[in-house]
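Going down the list, the protein sequences come from chains A and B.
If you want our numbering, it's the 1-based position in the first sequence plus 22.
If you want our numbering, it's the 1-based position in the second sequence plus 5.
Backbone N, C-alpha and C fix where the C-beta goes; we use that ideal spot for every residue, glycine too.
These numbers were taken from a predicted model, which means no experiment stands behind them.
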Amino acid sequence: MIDVIALPDYVQAAILIGVVLAEAVALYAGYGALEDVLAPAIIETIEQV
Amino acid sequence: MEVLGLGLELLVLFVGFGFMVGVFFGFFGMGGSFLVTPALLILGYPAPVAIGSSMAFVFGTAVIATMKHHDVGSVDYKLGALMFVGIAVGIEIGKYGVLALDALGQAELVVGSVYILLLAAIGVLFVRSALQQDEESDDESESDPDDIPEIAKTIKSYNIPPMVTLTDGSKASMWTITGVGGGVGVVSGFLGVGGGFIRMPAIYYLIGVPLAAAVGTSLFGALMSGAVGAFSYGLDGVVNLGIVTALLAGSALGARIGSASTAYVDESDVTIYFGIMLLLASIAVAFGELASWLSMPILDTVSFVLLLGSSAFVTVVIFYYGAQAIRENGRTATVSPGGND
């Protein structure tokens, strides 16, 4: 297993950017799929309350 | 139990706070970052950690917002790329300012004080804008979306070389583009914000890009600012990835709900609450500063409750108006994209 702490600073900083980018893309896609599935039901429920 | 290096309470707090920040970002197109640094300062994180983590959060939210805007709006990638050098240099200058102040033990005080003024100024602008909207609600004037302000036309007329051709076919001086990128970069690097609340008007008024493209391009600028800032602070090892991940997990969801709410809620109904929230956030940061000066931890608690409470209140107001509009109007509303940092 790679020891991140032992890597040069610029590599650690680049990994940080890569991790945040991957998180952002995953969250965008994940919540997008969730919205497609749940949004109509939630709006319908609010309309009926 | 620890998740992402955070205790369960802090994790829930950051996801919840991120959610509220995301709602503001999606609804108002701003507020994505200038609440995060103050919150981290109030929680006792050192200024470099607060700013570095906020910059990484800005990067993540800007990636999401740019992906949305890429499909529904216009982004001048060429202009964004031309601003890159200015942004990178500006952020480095801002960061060295923070690190120099940190070495003197004054970073929290100075950054906190600048935030008090910044939040108060933006809060006053929002409240004033809301009050003017009320007075001028009957005065509707049509304007050409491709039109640019007079000041931009004047600046463009100077033709200081090197001149570059933008995506819309107009020309702008490389000096103006670099100056805008650099100036906003300094603010971003010093405060840990995306800087969209300055960059978007600067692109519109100084470079002379039409409003719709200015919004999209400003988002792309926020993406670059966030990436450069996160990398730069990351080199110093001060970015807390656990905080960034928790905030992003909340804000990505909040931004979707906030953005969807714009289809149902009239922004003018809520603008004044957002302005008041920013004024309260300014007071909250002031309490945080006083807590350090007077060694009174109770003021830290007051500050924290004020910041979180006012954010929660505005979120509830947006949801309340949204639910009311959905019940009254059904599905007649149309969707519009949100988006500036």
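Helix or strand or just coil, what does DSSP make of residue 268(B)?
coil
Spatially closest choice to residue 98(B) from 192(B), 242(B) and 264(B), by CA coordinates
192(B)
Compare the Cα-Cα distances from residue 174(B) to each of 235(B), 120(B), 324(B) and 83(B) and report the closest residue.
83(B)
Would you please verify whether the beta carbon of residue 60(A) is less than 7 angstroms from any beta carbon of chain B?
no
Tell me, to the nearest whole angstrom, how far the beta carbon of residue 240(B) is from that of residue 35(A); I am working on the premise that it is less than 8 angstroms.
5 angstroms
Shortest alpha-carbon distance to residue 67(B) belongs to which of 13(B), 113(B), 253(B) and 333(B)?
253(B)
Taking the Cβ atom as the reference point for each residue, do residue 351(B) and residue 251(B) lie within a distance shorter than 7 angstroms?
Beyond the ends of chain B as shown, which are 6 and 346, falls residue 351(B); an answer cannot be given.
Between which residues of its own chain and residue 205(B) is the CB-CB distance below 7 angstroms, once the five residues before and five after are set aside?
219, 220, 223 and 345
Return the residue from the list 10(B), 21(B), 38(B) and 24(B) that minimises the CA-CA distance to residue 202(B).
38(B)
With residue 175(B) as the anchor, note down where its alpha helix (DSSP H) starts and where it stops.
That residue, residue 175(B), is in no alpha helix (DSSP H); it is neither H nor E in DSSP.
Give me the chain B residues within the contact set of residue 38(A), using Cβ-Cβ distance strictly less than 8 angstroms, ordered along the chain.
61, 235, 236, 239, 244 and 246
Where residue 88(B) falls: helix, strand or coil (DSSP)
helix
Name, please, each residue of chain B whose Cβ falls closer than 7 angstroms to the Cβ of residue 42(A).
61, 64, 65, 235 and 249
Could you check whether the region 299-317 of chain B touches the region 111-125 of chain B, counting it as contact only if at least three pairs of C-beta atoms, one from each stretch, sit closer than 8 angstroms?
no
Quick check on DSSP: helix, strand or coil for residue 29(A)?
coil
Using only alpha-carbon positions, find the residue among 86(B), 8(B), 130(B) and 110(B) that is nearest to residue 282(B).
130(B)
Give a yes or no on whether the minimum CB-CB distance between residue 57(A) and chain B is below 7 angstroms.
yes
In angstroms, rounded to a whole number, what distance separates the CA positions of residue 196(B) and residue 105(B)?
14 angstroms
With which residues is residue 11(B) paired in a DSSP beta bridge?
8(B)
Same chain, Cβ closer than 7 angstroms to residue 233(B), five either side skipped, listed in chain order:
92, 93 and 96
Where residue 229(B) falls: helix, strand or coil (DSSP)
helix
Between which two residues does the alpha helix (DSSP H) carrying residue 208(B) extend?
Neither: residue 208(B) is in no alpha helix (DSSP H) and is coded neither H nor E.
Output needed in chain order: residues of the region 37-57 of chain B with a Cβ under 8 angstroms from some Cβ in chain A.
none
Using a C-beta to C-beta distance shorter than 9 angstroms, which residues of chain B count as neighbours of residue 47(A)?
68, 69 and 72
CB contact check: residue 50(A) to chain B, cutoff 7 angstroms
yes
Please report whether the beta-carbon of residue 86(B) lies at a distance below 7 angstroms from any beta-carbon of chain A.
no
Would you call the region 21-31 of chain B in contact with the region 311-318 of chain B, where contact means no fewer than 3 C-beta pairs closer than 8 angstroms?
yes
Is the beta carbon of residue 264(B) within less than 6 angstroms of some heavy atom of the ligand SAH?
This structure lacks the ligand SAH; in fact it carries no ligand of any kind.
If residue 188(B) sits next to residue 230(B), beta carbons under 8 angstroms apart, how far is it from one beta carbon to the other, in whole angstroms?
Actually they are not in contact, since the Cβ atoms of residue 188(B) and residue 230(B) sit about 12 angstroms apart, beyond 8 angstroms.
Any C-beta of chain A within less than 9 angstroms: which residues of the region 282-307 of chain B qualify?
none
Can you pull the chain A residues whose beta carbon is under 7 angstroms from the beta carbon of residue 253(B), in chain order?
45, 46 and 49
Looking only at C-alpha atoms, which of 58(A), 56(A) and 46(A) sits nearest to residue 61(B)?
46(A)
Chain B contact residues for residue 35(A), given Cβ-Cβ distances below 7 angstroms
236, 239 and 240
Endpoints, alpha helix (DSSP H) assigned at residue 304(B):
302-334
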